[in-house]
Structure formats: C-alpha cells, structure tokens
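Quick note: the sequence shown uses this note's numbering, first residue -19, plus one each step.
Each residue gets a CB set at the ideal place from its N, CA and C atoms; glycine is no exception.
Have a look at the structure below, then the notes.
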Amino acid sequence: MQALYDVLDVFHCEALPHLFRPPDDPIAARDIVHSIKDPATVLLIAEVVDSLAGFLGAKVVEFGPDDTVYLPRRFVYVNDMAVLPDFRGRGIGRVLLEAVEGWARRQGIGAIELTVLEFNEGARVLYERAGFDTLSRRMRRCYDRDTRFPAARCGGHVRGSGRSCFVPTSPAVSTTNIRYAGRVDDL
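Shown next as structure tokens:
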C-alpha cells in the first residue's frame, strides 16, 4: 500500500516540489494512517492477479444548516487516487471511480467531488470521461521573491533542490478486482 502512496507523492513532488512533501517525509506517512482511521472514509484497492495496482481514498463530507457559506448537503470527496505506472491505461482508474460511486450511492449520497491539479492532464481526462465537470478553479500569482518562496519556484520545478523522488514499479498482469480494504480499526 505504501508503494501506491509513494507513486502519488512522487508524481506531485516531481511536478510541484515547492508544494508537496517527498514520499519519505514522516509527516506524509503519518497522514496516511490518520486519514484512513476516519469512520466516514473508505479505501478501495485495485488488485490485478493478487498485485496491488491502484487505490482510491474517499470520505463523506457534510455541510450542515449552520454553515456560513454552503447550503446543507452531503457528498463524497475523493482525496487520493493512484494507479501504479505499469497498470495505467487498462481502465483501473475508471473502475475505481465506478466503485466509489457505488459506495456513495449505498450511503445515500448522490454526488462525488475531487480536486485535480492542472498539470495532471491524464487524470483530468479520466475524470471528464467519467462525467466530472469543473466546479471551481483555484489560481495563484507568484510575486514573492524572498528566500522562503522564490518566484523561480512558481513554475513548478526547483532545480538543484536536493529532493529525490523515486517511482516503484510492478509486474504487468491482466485481470482487475476491486475490494473494500476497510479501515485501520477493521484490519
């Protein structure tokens, strides 16, 4: 399972190293355990011939009647999704999205939301094909030239940052199964 999170973290770390922690960061590892302990969270695992191929983590979000901005509503928020590089292009991402939709429907929830970074074109295409549309767009303008956040970092890559990111690989196989991994307390 850690290898799947590493793929996700490496992908983001390499694209935007000034925003994302590298996969060997202890805070990142601690966050994984914390997020799947939440009783409103589901973790779906994609297996291909008994090999982990991908995962999707999601949680129920609810805005109550006292929320200052939003009308009351419930939705499922996909906070993490990754497919190992050797398994991409086989429909695993689509199957994971279908599985989380089934889980959401069983919870009586009729909407799923997620966030995708602009550089991640493959994921954007997958989500659009699955029927997702853009709800909002987060933008930024970099102007700070101090040493904490130099403008050179705004483009996404920091040359000579000293960070190393690795990408684990898996053997190619042919069949896909999605299973409910449960919560940490259930394992």
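Listed as beta-bridge partners of T21 by DSSP are K39.
By DSSP's assignment, I92 forms a beta bridge with V56. Contact between the stretch 48 to 55 and the stretch 111 to 122 is not established, with fewer than three Cβ pairs separated by less than 8 Å. Per DSSP, E101 is one residue of the alpha helix (DSSP H) stretching across 101 to 109.
Per DSSP, reduced to three states, the secondary structure at L64 is coil, with no helix or strand assignment. Beta-bridge annotation (DSSP): S31 is paired with V28. Straight across, the Cα-Cα distance linking V40 with M61 is about 16 Å.
Taking 8 Å as the cut-off, the beta carbon of L51 is found no closer than this to the beta carbon of G37. Judged by their CB atoms, E81 and I92 are nearer to each other than the 8 Å cut-off.
Membership of L76 in the alpha helix (DSSP H) is indicated by the continuous run 72 to 86. Judged by their CB atoms, L64 and A33 are nearer to each other than the 8 Å cut-off.
The C-beta separation of V75 from A26 comes to about 7 Å, placing the pair in contact by the 8 Å criterion. Sixteen is the threshold: when 16 or more other Cβ atoms of the shown chains lie within 10 Å of the Cβ of V28, as they do, the residue is buried.
If you draw a straight line from the Cα of V105 to the Cα of R85, it is about 23 Å long. Contact between Y107 and L94 holds, since their C-beta atoms are separated by about 7 Å, short of 8 Å.
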